[in-house]
Amino acid sequence: MKTSATELNKHLSKYVNQAIKKEPVVVERSGHPVVVLVSYEHYVKLEEAYWGELATVADKEKPLSPKKSIDFLKSNK
Numbered sequence: 002m003k004t005s006a007t008e009l010n011k012h013l014s015k016y017v018n019q020a021i022k023k024e025p026v027v028v029e030r031s032g033h034p035v036v037v038l039v040s041y042e043h044y045v046k047l048e049e050a051y052w053g054e055l056a057t058v059a060d061k062e063k064p065l066s067p068k069k070s071i072d073f074l075k076s077n078k
């Protein structure tokens, strides 16, 4: 579902209920999407998927040696 920021301000509870019960609500400003209203349950699933994917990628990467870790930390001061 899509709505404008103005419409969201006028009918916030309607769109919150829509996001909770049915689907995310894309909020547009000047015809461009700027934010998505999602249920907390949907948000948690997205967070878990995101961090799970990062962990999978990290597991596949070769860890830095202690020397490379120290050099990296020193170079980013």
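Counted the way the working numbering counts, the sequence shown spans residues 2 to 78.
For each residue, glycine too, the CB sits at the ideal point set by N, CA and C.
Collapsed DSSP secondary structure at residue i in the structure displayed
i: leucine 74; result: helix
i: lysine 46; result: helix
i: glutamate 24; result: coil
i: lysine 63; result: coil
i: serine 40; result: coil
i: serine 5; result: strand
Test item: CB-CB of residue i and residue j under 7 Å
i: serine 5; j: glutamate 29; result: yes
i: valine 26; j: alanine 20; result: yes
CB contact below 7 Å: residue i versus chain B
i: phenylalanine 73; result: Absent here is chain B; the protein component of the structure consists of one chain.
Practice task
Would you be able to state if there are at least three C-beta pairs under 8 Å between the stretch 53 to 70 and the stretch 27 to 39?
Solution key: Note that the stretch 27 to 39 does not touch the stretch 53 to 70; fewer than 3 beta-carbon pairs, one per stretch, sit closer than 8 Å.
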